[in-house]
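Here the working numbering is used: position 241 in the sequence shown is 385, and no number is missing along the way. A virtual CB, placed ideally from N, CA and C, is assigned to each residue, including glycine. Written below as structure tokens is the structure these notes are about.
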Amino acid sequence: MERRILHIDMDAFFASVEVVRDPSLRGKPLIIGGRKGDVRGVVSTASYEARKFGVHSAMPLAHAVRLCPHGIFMRGDFSRYQAASEEVLAALRTVSPLVEMASIDEAYVDVSGSQKLFGGDDGIAAHIKREVRRRTQLPCSIAIASNKLVAKIATELAKPDGYLRVATGEEEAFLAPLPLRRLLGVGPRTGEALEALGIATIGQLAAFSEERLMKKFGQLGRALRCAARGESNSEVRLEHTPKSIGRETTFEVDLLDWDRVESVLMHLMERSMFAMRKQGLETRCVTLKVRYADFKTSTFSKMLPSSTCVDAEVTAALHKLLPKARTRRARVRLIGVSLSSLSADQHQLLLFDGQSAEKWEHALESVDRIRERHGFESVRSAKSMKLGKHVKLATPSLSR
Ligand code: TTP
Ligand code: MG
Numbered sequence: 145m146e147r148r149i150l151h152i153d154m155d156a157f158f159a160s161v162e163v164v165r166d167p168s169l170r171g172k173p174l175i176i177g178g179r180k181g182d183v184r185g186v187v188s189t190a191s192y193e194a195r196k197f198g199v200h201s202a203m204p205l206a207h208a209v210r211l212c213p214h215g216i217f218m219r220g221d222f223s224r225y226q227a228a229s230e231e232v233l234a235a236l237r238t239v240s241p242l243v244e245m246a247s248i249d250e251a252y253v254d255v256s257g258s259q260k261l262f263g264g265d266d267g268i269a270a271h272i273k274r275e276v277r278r279r280t281q282l283p284c285s286i287a288i289a290s291n292k293l294v295a296k297i298a299t300e301l302a303k304p305d306g307y308l309r310v311a312t313g314e315e316e317a318f319l320a321p322l323p324l325r326r327l328l329g330v331g332p333r334t335g336e337a338l339e340a341l342g343i344a345t346i347g348q349l350a351a352f353s354e355e356r357l358m359k360k361f362g363q364l365g366r367a368l369r370c371a372a373r374g375e376s377n378s379e380v381r382l383e384h385t386p387k388s389i390g391r392e393t394t395f396e397v398d399l400l401d402w403d404r405v406e407s408v409l410m411h412l413m414e415r416s417m418f419a420m421r422k423q424g425l426e427t428r429c430v431t432l433k434v435r436y437a438d439f440k441t442s443t444f445s446k447m448l449p450s451s452t453c454v455d456a457e458v459t460a461a462l463h464k465l466l467p468k469a470r471t472r473r474a475r476v477r478l479i480g481v482s483l484s485s486l487s488a489d490q491h492q493l494l495l496f497d498g499q500s501a502e503k504w505e506h507a508l509e510s511v512d513r514i515r516e517r518h519g520f521e522s523v524r525s526a527k528s529m530k531l532g533k534h535v536k537l538a539t540p541s542l543s544r
């Protein structure tokens, strides 16, 4: 199978998130990192409009104020950027489970196995751009090449809001005309030393005598020459997928009322499923956990015929497990649900009960969007509605 690696980098990331939050900021020179008076601050990002004035990341804020006195300066909100980053990760997982977030706004995806399903590189890139837009409204740049090194360099050239494809076999020709400093690993010092040898482009480095490079730089010389030829075989390092996602709660008083227990369980299930979908995952195994008044704890698990992110399918599994928990005629102290055998949600539900599952997924997507805007409790199932308008659990439930 031909190896194809996608690299994505968000455009002016922190600034773009602020523009989505407050569209009146669009088109303005926006600088995130601190307010004008924060003398000790540094710029974390500048919008493209602010970059025209020479403002860039890592610059002292005071310097940025001098270059762009009419700019809009903001401290920013890291938790919002983190949330947007998680949405990007979820979007990427819809094309391949092999995702590596390299930084908060940048990722690699091994898309070798996704070519047929999405119609090649171009189809994959279009799908991701659409999916990122839909989930975050943010612009991004994408490149696809045969390895990480070439893909990352190509993304820079695709900016802003662009897409670039480097065909397998074209790596060296693609890199050749680019200035030396575009090559990763060539910092200011190495750059100067190479330039002293008369090397100004990546192509000139690729063609340079390996012997002479090794004499001057040792092993680094050989590595740089390989990189200049577009050779790299570093793997996409997998993002950690949690073992399970679950929610549980202990009742204020032990309960015999299974109708009430079931309502709380459905609420916990909806919360777990929401958290799972937010991470772009689906589940294959549902576990019901019950602790009785005498502290005896039992778990009951059910494997599903295929992975799902649809509440109704997990509800059905819980309904099969509940009678088992009820055979013990003791009061219930704690109830919980846990979803495991998690995998990247690739929306490949067409094999099993295809149509209805797909319909459900679309419905849930709108539900999740409403919840993000108006709070989790804005949309609830009939069963968990029995708990009343605002659900207050005695002990907050935690995800593991
Ligand atoms: P980058 O991807 O380097 O920059 P960017 O997304 O702002 O712009 P570009 O379109 O050129 O990719 O960094 C991503 C985010 O990381 C950036 O928005 C803010 C943060 N960051 C810092 O806080 N400090 C820094 O020095 C850099 C480089 C980035
Ligand atoms: Mg970026």
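Taking 8 Å as the cut-off, is the beta-carbon of residue i closer than that to any non-hydrogen atom of ligand 2?
i: F444; result: no
i: M203; result: no
Rounding to the nearest angstrom, what Cα-Cα distance links residue i and residue j in this structure?
i: P332; j: V163; result: 34 Å
i: N291; j: I149; result: 5 Å
i: G306; j: L465; result: 50 Å
i: R513; j: T280; result: 11 Å
i: D153; j: A234; result: 15 Å
i: R369; j: D182; result: 44 Å
i: A320; j: Q226; result: 36 Å
i: L205; j: S229; result: 25 Å
i: G263; j: E244; result: 22 Å
i: V330; j: Q348; result: 14 Å
i: L174; j: G198; result: 12 Å
i: G178; j: F217; result: 6 Å
i: E315; j: G374; result: 5 Å
i: R470; j: K422; result: 32 Å
i: S528; j: T443; result: 21 Å
i: F496; j: L508; result: Interpretation of F496 is limited by its pLDDT of 39, a score under 50 that renders its predicted location unreliable; the figure taken from the coordinates is listed afterwards. Approximately 18 Å between the Cα atoms of the pair.
i: S378; j: A371; result: 11 Å
i: R277; j: L448; result: 32 Å
i: S376; j: S285; result: 21 Å
i: G342; j: R224; result: 46 Å
i: S188; j: S407; result: 46 Å
i: A351; j: R515; result: 57 Å
i: A251; j: L282; result: 15 Å
Check whether the Cβ of residue i lies closer than 8 Å to any heavy atom of ligand 1, and answer yes or no.
i: K440; result: no
i: K273; result: no
i: K303; result: yes
i: A208; result: no
i: E516; result: no
i: G185; result: no
i: T97; result: Here the chain comprises residues numbered 145 to 544, so residue 97 is not present and cannot be evaluated.
i: A367; result: no
i: T459; result: no
i: G257; result: no
i: A194; result: no
i: G177; result: yes
i: A228; result: no
i: S487; result: no
i: A159; result: yes
i: S247; result: yes
i: T385; result: no
Determine the contact status of residue i and residue j, defining contact as a CB-CB distance below 9 Å.
i: V511; j: E392; result: no
i: L236; j: L382; result: no
i: R475; j: A419; result: no
i: R404; j: K530; result: yes
i: T287; j: L301; result: One point to set straight first is that residue 287 is Ala, not Thr, in the sequence displayed. Contact flag set, yes.
i: L483; j: M410; result: no
i: D489; j: S451; result: yes
i: T345; j: L328; result: no
Any beta-carbon of chain C closer than 9 Å to the one on residue i?
i: I389; result: Of the protein chains in this structure there is only one, and it is not chain C.
Excluding five sequence neighbours on each side, which residues of the same chain lie with their C-beta closer than 6 Å to the C-beta of residue i?
i: R147; result: S256 and S290
i: A385; result: As written in the sequence, residue 385 is Thr, which differs from the Ala given in the question. Counting only Cβ-Cβ distances below 6 Å, and skipping sequence neighbours, we find L486.
i: E296; result: For clarity, residue 296 is Lys in the given sequence; the question names Glu instead. For K296, where only same-chain residues beyond five positions count, the Cβ hits under 6 Å are H151.
i: G215; result: P173, I175 and A194
i: G220; result: F158 and I176
Excluding the 5 residues preceding and the 5 following residue i in the sequence, name in chain order all residues of the same chain whose CB lies nearer than 8 Å to its CB.
i: R366; result: E354, L357 and M358
i: A340; result: none
i: L478; result: E392, T393, T394, F395, K433, V434, R435 and T441
i: K360; result: A337 and L341
Once the 5 residues before and after residue i are set aside, which same chain residues still bring their CB inside 7 Å of it?
i: S485; result: T427, R428 and C429
i: I254; result: One point to set straight first is that residue 254 is Asp, not Ile, in the sequence displayed. Answer for D254: I149, S240, L242 and V380, listed in chain order.
i: S258; result: V239, S240 and I268
i: W402; result: R470
| message | With a threshold of 8 Å, are at least 3 pairs of Cβ atoms found where one atom belongs to the region 444 to 461 and the other to the region 419 to 431? | response | Touching, yes.
| In chain order, what are the residues with a CB under 7 Å from some non-hydrogen atom of ligand 4? | This structure lacks ligand 4; the ligands present are ligand 1 and ligand 2.
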